[in-house]
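Have a look at the structure below, then the notes.
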Amino acid sequence: MAVSSGPPPYPGEVLVQPVAGDEVGFFTDSSICIGCKACEVACKQWNNVPVDDIRYLNSSYDNTGELSANSWRHVSFFEQKRDGGVAWLMNSDVCKHCKHAACLDVCPTGAIFRTEFDTVVVQADVCNGCGYCIPACPFGVLTRREGVVDQPAETHVAQKCTMCYDRLKGGDEPACAQACPTKSIQFGPLPALRERAQRRLDVLHQEGVDSARLYLADQSDNEIGGAGAFFLLLDEPAKYRYPERPITPTKRLGGMWLAAAAAAAVALAGVGAAAASGRR
Amino acid sequence: MTAQTTAEGGYYGRPVLKEPVWKPEVAVYFWLGGLAGISAVLGFAARLSGNDRLARSAWFTAFAALLPCPPLLIVDLGRPERFYNMLRVLKPTSPMSMGTWVLTAFGGVTAAAAAGELLGGIFATLGRVAEGAAALLGLPLATYTAVLLADTSVPVWHHARHHLPFVFAGSATASAGAAGAILTPSQHSRPARLAAIFGALLELGAAFAMERRLGPDARHYHEGAAARPAQAARALTGAGAALMTLGGRRPVAMAAGVLLLAGSLAERFAVLRAGPSSARATADGGTVRG
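As they're listed, the protein sequences go chains Z and G.
Okay, so the first sequence: first residue is 208 according to the numbering used here, each after it adds one.
Okay, so the second sequence: first residue is 29 according to the numbering used here, each after it adds one.
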């Protein structure tokens, strides 16, 4: 990082020069998200992500719906009636860039790889659209990009947030973080972001916002080994379409192979015994 | 207008997980791969025990079942023309990668084994060596597909991760035995019939244990798209196994074999179809657990 003392004060300009080997990521502070969707637009513009999945959904101001191959940022609007009015929980969701990423583990082509910034990126020109990463992801981030004809090279393959890999290599922060007008989306070195998130949480608790909590900020409440994108939420994770305790299915692969070996041994024993008994 | 919110938590009822996108071809592949894999084991065991007539049927089955497998897998890809990217890496963390290589190697040695059976002479000697390798590879070919499904976040698959391989191994053994019983005269087919019955019992028992393990998630085998194939699998496999015990006469063995083959295919459809139902049911984030 070019900034020696970590990210600048909160809130404020983020000025970081990530270099290879840095562990960088997003801290998304939903308590100051105003639901403007500048992140969604900036992401689409920079990454040329199609807009074909925006349709009326009858879910408050959210007509994006969920993360997908065509929505790499998704601003959720959880709407609650309160004292005759309406209260919103707004939050900009994004790929979590898991430290132990199931999508990366299961990818059979090597299209999904871990970058020098410790982020997880799909190479669209290598992916053959096998679909394995889609049910592997514990957050439901990935889908295949379908039905887009103006970029035929990138259709029918898995797509998701790259944390603007090209911008990171050029020394810039991701487009969504730069566009966010309230610095609800902050980009920087993860250790510094975690410290800042904790300070912010303390302030909110002092102000009486008891429901405020950090999500994925550490490794204790999940299996994913920590996240490259973590959040400050104002309600339980389920209200943001998040699993309470995300799993990394691929962590248990050894046990699965053992079960498969045992099952194969049983089949072998059965067939062998049948062949031997048929000899008589 | 105020949008609706779900009473039990969650975000407008939207699932946490995305649904698997694998098409029916994949269920057919699971079935054929299991049939081919355990047929190779049966062929090898029959050869060792001196039952060359059964070995011939089994190797024919292994080869015939194998042939459609690569095309079935390739057409399921989003970009079929890039299938060869599977062959640019060997990745132990990916069951699909390992399966690709098992299938590729199995294809080579099974073709050699079939050539030995058909051509004789020098090919017969080579074929015997290939038979051992094919039998060895047939075991993972028949079971890795269960690991492939279990190694996802889909609750109905992941929570059954220690049972699915037994369901698939049983189903594959039932189908391989069934094919042997159909293609072999009854005086030589007794090992195939016994293997078929054994496999059917293993499949049914493992499926029963799996549903117990799944608890509430087992509902995806009783409602939705998986319900009918799951029912069909139980009925066909149970009836086929019962009939196979009376299989001393060939027509009876053939009928039982057809039932078991159909039951095995239905089992794979049931398991594959349970996945999307289970993924859709994750609107409340609490259902995704370890």
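Just so you know, even glycine gets a beta-carbon here, dropped at the ideal spot from N, CA and C.
All values reported here derive from a predicted model rather than from experimental measurement.
Quiz item: Relative to the C-alpha of Leu-60(G), which residue among Thr-310(G), Leu-131(G) and Ala-83(G) is closest?
Solution: The residue you call residue 60(G) lines up with position 32 of the second sequence. Cα-wise, what sits closest to Leu-60(G) is Leu-131(G).
Exercise. With a cut-off of 8 angstroms on the beta carbons, I'd call Val-231(Z) and Phe-346(Z) a contact; round off their distance for me.
Key: Residue 231(Z) sits at position 24 when you count from the first residue of the first sequence. Residue 346(Z) sits at position 139 when you count from the first residue of the first sequence. Wrong, their Cβ atoms sit about 19 angstroms apart, outside the cutoff.
Quiz item: Using the rule of at least 16 other Cβ atoms within 10 Å of the residue's Cβ for burial, across every protein chain shown, is Lys-46(G) buried or exposed?
Solution: Counted from its first residue, the second sequence places residue 46(G) at position 18. Looking at its Cβ environment, which holds 16 or more other Cβ atoms inside 10 Å, Lys-46(G) is buried.
Quiz item: In three-state DSSP terms, what is Ala-483(Z)?
Solution: Here residue 483(Z) refers to the residue found at position 276 of the first sequence. Helix, per DSSP.
Practice problem: For His-363(Z), I'd like the list of residues in its chain whose CB is within less than 6 angstroms of its CB, leaving aside the five on either flank, ordered along the chain. | Solution: What you label residue 363(Z) is simply residue 156 of the first sequence in a count that begins at 1. Once the five neighbours on either side are set aside, the close Cβ partners of His-363(Z) are Gly-336 and Arg-351.
Quiz item: Where do the ends of the alpha helix (DSSP H) carrying Ala-204(G) lie?
Solution: Reading the second sequence from its first residue, position 176 is the one you call residue 204(G). Counting along the chain, the alpha helix (DSSP H) containing Ala-204(G) begins and ends at 192-211.
Quiz item: Excluding sequence positions up to five away, which residues of its chain have a Cβ less than 6 angstroms from the Cβ of Val-348(Z)?
Solution: Within the first sequence, the letter at position 141 stands for residue 348(Z). So the list reads Leu-274, Cys-302 and Lys-367, once near-sequence residues are dropped.
Practice problem: Return no unless some Cβ of chain G is closer than 9 angstroms to the Cβ of Arg-448(Z). | Solution: Here the question's residue 448(Z) lines up with position 241 in the first sequence. So yes, Arg-448(Z) belongs to the interface.
Quiz item: From which residue to which residue does the beta strand (DSSP E) around Gly-295(Z) run?
Solution: By one-based count along the first sequence, residue 295(Z) stands at place 88. What sits at residue 295(Z) in the sequence shown is Trp, not Gly. That run of the beta strand (DSSP E) goes 292-301.
Quiz item: What residues in the region 392-411 of chain Z have a beta carbon less than 7 angstroms from any beta carbon of chain G?
Solution: Flagged: no residues at all.
Quiz item: Can you tell me whether DSSP reads Tyr-172(G) as helix, strand or coil?
Solution: By one-based count along the second sequence, residue 172(G) stands at place 144. Assignment of Tyr-172(G) by DSSP, reduced to helix, strand and coil, places it in the helix class.
Quiz item: Going by C-alpha distance, which of Ala-68(G), Ser-306(G), Ala-307(G) and Gly-41(G) is nearest Ala-223(G)?
Solution: Here residue 223(G) is taken as the residue at index 195 of the second sequence, counted from 1. Ranked by how close their Cα comes to the Cα of Ala-223(G), the residues Ala-68(G), Ser-306(G), Ala-307(G) and Gly-41(G) have Ala-68(G) in first place.
Quiz item: If we cut at 9 angstroms on Cβ distances, does Ser-418(Z) have a partner in chain G?
Solution: By one-based count along the first sequence, residue 418(Z) stands at place 211. So, not an interface residue.
Quiz item: So which residues on chain G does Asp-312(Z) lean against when the C-beta distance must stay under 7 angstroms?
Solution: Position 105 of the first sequence, counted from the start, is the residue given in the question as residue 312(Z). Correct list: Thr-121 and Ser-122.
Quiz item: Alpha carbon to alpha carbon, how far is Ala-83(G) from Leu-70(G)?
Solution: The sequence position of residue 83(G) within the second sequence is 55, counting from 1. The sequence position of residue 70(G) within the second sequence is 42, counting from 1. Going by the C-alpha atoms only, they are around 7 angstroms apart.
Quiz item: If we count Cβ pairs, one from each stretch, closer than 8 angstroms, do we get three or more for the region 241-258 of chain G versus the region 211-225 of chain G?
Solution: Output reads no: the region 211-225 of chain G does not touch the region 241-258 of chain G.
Quiz item: Taking Cβ-Cβ distances below 9 angstroms as the criterion, which residues of the region 340-355 of chain Z are in contact with chain G?
Solution: Those would be Ile-341, Pro-342, Ala-343, Cys-344, Pro-345, Phe-346, Gly-347, Val-348, Leu-349, Thr-350, Arg-351, Arg-352 and Glu-353, in chain order.
Self-check item: Candidates Trp-295(Z), Phe-233(Z) and Cys-310(Z), of which the one nearest Cys-383(Z) by Cα
Solution: Reading the first sequence from its first residue, position 176 is the one you call residue 383(Z). When only C-alpha atoms are compared, the closest one is Phe-233(Z).
Practice problem: Kindly indicate the opening and closing residues of the beta strand (DSSP E) around Gln-252(Z). | Solution: Against the first sequence, residue 252(Z) aligns to sequence position 45. For Gln-252(Z), there is no enclosing beta strand (DSSP E); the enclosing alpha helix (DSSP H) has its first and last residue at 245-254.
Practice problem: May I have the straight-line CA-CA distance separating Lys-288(Z) from Asn-265(Z), to the nearest angstrom? | Solution: On the first sequence, position 81 is the one that residue 288(Z) refers to. On the first sequence, position 58 is the one that residue 265(Z) refers to. Each residue's CA atom was taken as its position, placing Lys-288(Z) and Asn-265(Z) some 15 angstroms apart.
Quiz item: Does the Cβ of Ser-211(Z) have 16 or more other Cβ atoms within 10 Å, making it buried, or fewer, making it exposed?
Solution: Numbered from its first residue, the first sequence carries residue 211(Z) at position 4. The predicted model places Ser-211(Z) with a pLDDT of 37, which falls under 50 and marks its position as unreliable; any figure quoted below should be read in that light. Classification for Ser-211(Z): exposed.
Practice problem: Go through its chain and collect everything with a Cβ distance to Ala-74(G)'s Cβ below 7 angstroms, but skip five positions before and after it. | Solution: Start at 1 with the first residue of the second sequence, and residue 74(G) comes out as number 46. So the list reads Leu-82, Ala-83, Ala-86 and Pro-219, once near-sequence residues are dropped.
Quiz item: So Leu-404(Z) and Leu-439(Z) are in contact, right, with Cβ under 8 angstroms, and what is the actual spacing, rounded?
Solution: In the first sequence, residue 404(Z) corresponds to position 197, counting from 1. In the first sequence, residue 439(Z) corresponds to position 232, counting from 1. According to the sequence shown, residue 404(Z) is Ala rather than Leu. Indeed they touch by this definition, with Cβ atoms about 6 angstroms apart.
Quiz prompt | Burial state of Arg-406(Z), where buried means 16 or more other Cβ atoms lie within 10 Å | solution = As a working note, residue 406(Z) is residue 199 in the first sequence. With fewer than 16 Cβ atoms within 10 Å of its Cβ, Arg-406(Z) is classed as exposed.
Quiz item: Could one say the Cβ of Thr-316(Z) lies closer than 9 angstroms to chain G's Cβ atoms, at least one of them?
Solution: For the purposes of this step, residue 316(Z) is taken as the residue at position 109 of the first sequence. Judged by the 9 angstroms Cβ criterion, Thr-316(Z) is in contact with chain G.
Practice problem: Count the other C-beta atoms from every protein chain shown that fall within 10 angstroms of the C-beta of Phe-437(Z), then say buried if there are 16 or more, exposed otherwise. | Solution: Counting from one through the first sequence, the residue named residue 437(Z) turns up at place 230. Buried is the call here.
Quiz item: Can you tell which of Cys-243(Z), Ala-294(Z) and Glu-361(Z) has its C-alpha closest to the C-alpha of Val-256(Z)?
Solution: By 1-based counting over the first sequence, the position of residue 256(Z) is 49. Closest option to Val-256(Z), judged by alpha-carbon separation, among Cys-243(Z), Ala-294(Z) and Glu-361(Z): Glu-361(Z).
Practice problem: Within the same chain, show all residues whose beta-carbon is closer than 6 angstroms to that of Val-248(Z), passing over the 5 residues directly before and after it, in chain order. | Solution: Translated into positions along the first sequence, residue 248(Z) becomes position 41. Correct list: empty, nothing qualifies.
Practice problem: Answer yes or no: does any C-beta atom of chain Z fall closer than 9 angstroms to that of Val-56(G)? | Solution: Your numbering for residue 56(G) matches position 28 in the second sequence. So, not an interface residue.
Exercise. Specify, as a first and last residue, the run of the alpha helix (DSSP H) that Glu-353(Z) falls within.
Key: In the first sequence, residue 353(Z) corresponds to position 146, counting from 1. No alpha helix (DSSP H) contains Glu-353(Z), which DSSP labels as neither H nor E.
Quiz prompt | Sufficient close CB pairs (3 or more, under 8 angstroms) joining the region 108-118 of chain G to the region 452-466 of chain Z | solution = In short, these stretches do not touch, since the Cβ pair count stays below three.
Exercise. Decide if the region 475-486 of chain Z is in contact with the region 280-294 of chain G; the criterion is three or more beta carbon pairs, one per stretch, under 8 angstroms apart.
Key: Three or more Cβ pairs closer than 8 angstroms define a contact, and the region 475-486 of chain Z falls short of that threshold against the region 280-294 of chain G.
Quiz item: For chain Z, is any of its Cβ atoms less than 9 angstroms away from the one on Tyr-39(G)?
Solution: Along the second sequence, read from residue 1 onward, the residue named residue 39(G) stands at position 11. Tyr-39(G) counts as touching chain Z.
Quiz prompt | Distance, Phe-196(G) Cα to Val-473(Z) Cα | solution = Looking up residue 473(Z) in the first sequence gives position 266. Looking up residue 196(G) in the second sequence gives position 168. So the two alpha carbons sit approximately 12 angstroms from each other.
Quiz item: Just how far apart, CA to CA, sit Ala-331(Z) and Cys-344(Z)?
Solution: For the purposes of this step, residue 331(Z) is taken as the residue at position 124 of the first sequence. For the purposes of this step, residue 344(Z) is taken as the residue at position 137 of the first sequence. It is roughly 17 angstroms from the alpha-carbon of Ala-331(Z) to the alpha-carbon of Cys-344(Z).
Self-check item: Other residues of its chain near Met-29(G): CB distance less than 7 angstroms, five sequence neighbours each side excluded
Solution: Start at 1 with the first residue of the second sequence, and residue 29(G) comes out as number 1. Low per-residue confidence applies at Met-29(G): pLDDT is 31, beneath 50, and the placement is therefore not dependable, though the value from the model is reported in the following sentence. Sequence-distant Cβ neighbours of Met-29(G) in its own chain, meaning closer than 7 angstroms and more than five residues away, do not exist here.
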